[in-house]
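This report concerns only the one structure given below.
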Amino acid sequence: MSAPRQSGSRLARFVKFLAGFTLFALLLLVWIAAAWFLPEKHQYLFPAPWTTARALWNSLPELLVSTYYSFLILIPGYLAATAAGMAGGVIVGSTKWLQTIFIPFARVAAPVPPTVYVPYAIALLPSFRLSAISIVVLAAFWPVFLNAVAGAMAVPERHRDSARVFTFSYLEYLRIVAFPAALPFIFNGMHVGLGLSFIMLTVAELFGASYGLGRFVQYYADFADYPRMVAGIFYTGLVTFLSMTALARVEKKILFWPH
Amino acid sequence: MSREVDMSVKAAAGERTNAGCLPSAPGELTAEGLYFAYGGTMILENITLSVSEGEFVSLLGASGCGKTTFLRLLAGLEKPTRGAIFWQGRALTSPSLERGIVFQEYSLFPWLTLKDNVALAVGKASPGATKSRVWELADGYLSMVGLDGAGKKYPHELSGGMRQRGAIVRTLALGSRVLLMDEPFGALDPVNRMRLQELLLEIWSATSPRRTVVFVTHDVDEALFLGDRVLIFGSAPGRLIGELSVNFPRPRSASLLFYSEKFRSLKEKISDYYHRDIQNRNDALPMNLTCGEGI
Chain A
5 MSAPRQSGSR LARFVKFLAG FTLFALLLLV WIAAAWFLPE KHQYLFPAPW TTARALWNSL
65 PELLVSTYYS FLILIPGYLA ATAAGMAGGV IVGSTKWLQT IFIPFARVAA PVPPTVYVPY
125 AIALLPSFRL SAISIVVLAA FWPVFLNAVA GAMAVPERHR DSARVFTFSY LEYLRIVAFP
185 AALPFIFNGM HVGLGLSFIM LTVAELFGAS YGLGRFVQYY ADFADYPRMV AGIFYTGLVT
245 FLSMTALARV EKKILFWPH
Chain B
8 MSREVDMSVK AAAGERTNAG CLPSAPGELT AEGLYFAYGG TMILENITLS VSEGEFVSLL
68 GASGCGKTTF LRLLAGLEKP TRGAIFWQGR ALTSPSLERG IVFQEYSLFP WLTLKDNVAL
128 AVGKASPGAT KSRVWELADG YLSMVGLDGA GKKYPHELSG GMRQRGAIVR TLALGSRVLL
188 MDEPFGALDP VNRMRLQELL LEIWSATSPR RTVVFVTHDV DEALFLGDRV LIFGSAPGRL
248 IGELSVNFPR PRSASLLFYS EKFRSLKEKI SDYYHRDIQN RNDALPMNLT CGEGI
């Protein structure tokens, strides 16, 4: 119902857009100044912006390959977790007797920090990729699942009533009413899940990957190549940011109704 | 809860109280000795009434008097604590397509277009129909309420009046023989409200056989303008305190009706019912608790 509010003129909006870069610019200035005034012996641990930029440019091919390998873990893991979480969550949230079974378990299992599973998953599963994927699944599943449960439990009463008057079957209710009604909750869970997925991905890669973003950072840290390592940190931050933005775009497109 | 109230209910309900013992007419919706309690509070107390097929009944009551609960009981969405509701001679146990419900706002599924909402109902009403037939019927329903061009729009893209028209026509598309309407025009501005009242009467008179309508409202004018009969609910707990026949000729015109002598006298009768109810309740209180003493 509410149209996006146009705040002020085009110029005012441009100024506002620029203002968003204030902190970035300020930090960059501090960095430049620090690099300028720092004695040379420390510059080894604390690379200057231009050194880092050159390292970033030089390692770009390697970073792209790392991204590819990381996404080979992240995407299947995240998608599997999301699919399982939303399906399971909507079913459990719509079914009283399943709630009595699943919710007590979820209360205990969900808060376990997924990082503790990493060594065991690597020991247990035959390949690194498989163990890393399962770690990402474990991390992303719970937020999606718990939010889907909450969303399905919060279906407005008038929609439940309508569904009963329509004499929907259980499956029809799930598909036509509970799932769309729970979608705003599910997306909340997906945002949290994506953040956790990146954390778990990079943590897992520190342990045993041959390629990957986390592995890249770890590798050059081992060789004390700090310009490349810092470049890797920046690059990973950018990839995470872009992934989050992409998800937000998808959400905006799918959740077009007021919720 | 004084005896007199119960007496007056029985008097008001007249022979209808006895009708429960007789085999009821087909299509008749009957409540018999209905009680509903929720969390230890009595919401509805001893309601006995019947609505005949094709009748338009207004159910008038203050906010929170339990009229929405009563409507949900009629729909089969709640189970009575005591007593029963009979529909077509059988005790009602669950909701069905036969008794569609329209809420005050946002009845339509917001994630489906208007036409998808209606088509969903059409598909339920005629499960064997082909897809193209379902769409065709949905279009027909939409044009019935003047929403021809709006089928592709989502509920949030429609005005409040259009949404309510959509909600009404979705219920018609279910093939419901009883329309249960819970203050369906309560959130509309006065102009739209009047338009929709007239539209509702138009649709109701145009279909044959006529559908039964139970229309819940807290607006006295609306209740009188629409109904063949007005059932008056008292509060805490909700119970029937009176009943009026409204035999204005149809089609009715709001502008003529509202200034007629008859209309005014019916309004007076309704306020009499409420005054008597308040009086009875005050009498039932111990003397030292009587409100408004010395005013």
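Protein chains in written order, with my numbering: chain A, 5 to 263; chain B, 8 to 302.
Even for Gly, the Cβ is constructed at its ideal location relative to N, Cα and C.
Query raised in the report: residue 49 of chain B bridges to which residues according to DSSP?
Result: In the DSSP secondary-structure assignment, residue 49 of chain B is bridged to B/44.
Query raised in the report: Would residue 175 of chain A count as contacting chain B if we go by Cβ distances under 8 Å?
Result: When Cβ-Cβ separations below 8 Å define contact, residue 175 of chain A makes no contact with chain B.
Report task. Find the nearest neighbour of residue 168 of chain A within the set B/178, B/170 and B/264, judged by alpha-carbon distance. Result -> Answer by Cα proximity: B/178.
Query - residue 126 of chain B to residue 132 of chain A span [Cα, whole Å] - result: Distance between the alpha carbons of residue 126 of chain B and residue 132 of chain A is about 50 Å.
Report task. Please state whether DSSP places residue 55 of chain B in a helix, a strand or coil. Result -> The DSSP-derived three-state label of residue 55 of chain B is strand.
Query raised in the report: Quick one: which chain A residues come within Cβ less than 7 Å of residue 84 of chain B?
Result: Within chain A, the residues 165 and 168 have their CB atoms less than 7 Å from the CB of residue 84 of chain B, given in chain order.
Report task. Taking only the alpha-carbon atoms, compute the straight-line gap between residue 104 of chain B and residue 187 of chain B and give it to the nearest angstrom. Result -> Residue 104 of chain B and residue 187 of chain B have their C-alpha atoms spaced approximately 12 Å apart.
Query - Pairwise C-alpha distance: residue 199 of chain A and residue 241 of chain A - result: Rounded to whole angstroms, residue 241 of chain A to residue 199 of chain A spans 11 Å at the Cα level.
Query raised in the report: Would residue 168 of chain B count as contacting chain A if we go by Cβ distances under 8 Å?
Result: Interface flag for residue 168 of chain B against chain A is unset, since no Cβ pair is found closer than 8 Å.
Query raised in the report: Taking 8 Å as the CB-CB limit, is residue 188 of chain A close to chain B?
Result: Answer no: the Cβ-Cβ gap between residue 188 of chain A and chain B never drops below 8 Å.
Query raised in the report: Can you tell me whether DSSP reads residue 65 of chain B as helix, strand or coil?
Result: In the three-state scheme derived from DSSP, where H, G and I count as helix and E and B as strand, residue 65 of chain B is classed as strand.
Query - Under 8 Å between C-beta atoms of residue 197 of chain A and residue 209 of chain A - result: No.
Query raised in the report: So is residue 113 of chain B in contact with chain A if we call contact Cβ pairs under 8 Å?
Result: With its beta carbon less than 8 Å from one in chain A, residue 113 of chain B belongs to the interface.
Requested in this report: Pull up the distance between the alpha-carbon of residue 98 of chain B and that of residue 175 of chain A, whole angstroms please.
Outcome: Each residue's alpha carbon lies about 28 Å from the other.
Requested in this report: Please report how far the alpha carbon of residue 249 of chain B lies from the alpha carbon of residue 133 of chain B, in whole angstroms.
Outcome: Within the model, the alpha-carbon separation for residue 249 of chain B versus residue 133 of chain B is close to 40 Å.
Query raised in the report: Can residue 189 of chain A and residue 250 of chain A be called in contact, C-beta distance under 8 Å?
Result: For residue 189 of chain A and residue 250 of chain A, no; Cβs fall outside 8 Å.
Query raised in the report: Would you call residue 53 of chain B buried or exposed, if buried means 16 or more other Cβ atoms sit within 10 Å of its Cβ?
Result: Under this definition residue 53 of chain B is a buried residue.
Report task. Mind listing the chain A neighbours of residue 104 of chain B? Cutoff is C-beta to C-beta under 9 Å, in chain order. Result -> Listed along chain A are 169, 170 and 171, each with a C-beta nearer than 9 Å to that of residue 104 of chain B.
Query raised in the report: Given residue 49 of chain A, which residues of its chain have a CB within under 8 Å of its CB, disregarding the five upstream and five downstream residues?
Result: Hits under 8 Å: 230.
Query raised in the report: If we count the other Cβ atoms within 10 Å of its Cβ and call it buried at 16 or more, is residue 29 of chain B buried or exposed?
Result: Unreliable positioning characterises residue 29 of chain B in this predicted model, as indicated by a pLDDT of 45, which lies under 50. The coordinate reading is nonetheless provided below. By the beta-carbon neighbour count (other beta carbons within 10 angstroms, threshold 16), residue 29 of chain B is exposed.
**Report entry** Supposed contact pair residue 227 of chain B and residue 274 of chain B - C-beta distance, whole angstroms, cut 8 Å
**Finding:** That pair is a contact at about 6 Å.
**Report entry** Nearest neighbour of residue 168 of chain B, chosen from B/207, B/218 and B/123 [CA to CA]
**Finding:** When only C-alpha atoms are compared, the closest one is B/207.
Query - Option in A/216, A/40, A/34 and A/125 with minimal Cα separation from residue 66 of chain A - result: Residue nearest to residue 66 of chain A within the set A/216, A/40, A/34 and A/125 is A/216 (criterion: CA-CA distance).
Query raised in the report: Helix, strand or coil: how does DSSP classify residue 250 of chain B here?
Result: Looking at residue 250 of chain B - three-state DSSP - the assignment turns out to be strand.
Query - Integer Cβ distance of residue 71 of chain A from residue 235 of chain A, believed to fall under 8 Å - result: With 8 Å as the limit, residue 71 of chain A and residue 235 of chain A do not qualify as a contact, their Cβ atoms being about 13 Å apart.
**Report entry** Per DSSP, the bridge partner or partners of residue 235 of chain B
**Finding:** Residue pairing for residue 235 of chain B: DSSP places it in no beta bridge.
**Report entry** Helix, strand or coil at residue 165 of chain B [DSSP, three-state]
**Finding:** Note: residue 165 of chain B maps to coil in three-state DSSP.
Query raised in the report: Taking Cβ positions only, does residue 54 of chain A come closer than 8 Å to chain B?
Result: With 8 Å as the cut-off, residue 54 of chain A does not count as an interface residue toward chain B.
Query raised in the report: Which residue from B/70, B/85, B/83 and B/90 puts its Cα closest to that of residue 56 of chain B?
Result: Put simply, of B/70, B/85, B/83 and B/90 the residue whose alpha carbon is nearest the alpha carbon of residue 56 of chain B is B/90.
**Report entry** Where residue 161 of chain A falls, given that 16 or more other Cβ within 10 Å makes a residue buried
**Finding:** Label assigned to residue 161 of chain A: exposed.
Query raised in the report: What is the residue span of the alpha helix (DSSP H) that residue 197 of chain A lies within?
Result: Its alpha helix (DSSP H) spans residues 183 to 212.
Report task. Return the CA-CA distance between residue 171 of chain A and residue 185 of chain B, expressed in angstroms with no decimal places. Result -> Near 15 Å, if we compare the C-alpha coordinates of residue 185 of chain B and residue 171 of chain A.
**Report entry** Continuous beta strand (DSSP E) stretch holding residue 185 of chain B: start and end
**Finding:** 185 to 189 is the span of the beta strand (DSSP E), which, as asked, contains residue 185 of chain B.
Query raised in the report: Taking the C-alpha atoms as reference points, what is the distance between residue 227 of chain A and residue 112 of chain A?
Result: So the alpha carbons of these two residues sit roughly 41 Å apart.
Query raised in the report: Any idea what DSSP makes of residue 219 of chain B, helix, strand or coil?
Result: Of the three classes helix, strand and coil, the one that applies to residue 219 of chain B here is strand, per DSSP.
Query raised in the report: Taking just the CA atoms, how far does residue 89 of chain A sit from residue 145 of chain A?
Result: Their backbone Cα atoms lie some 5 Å apart in a straight line.
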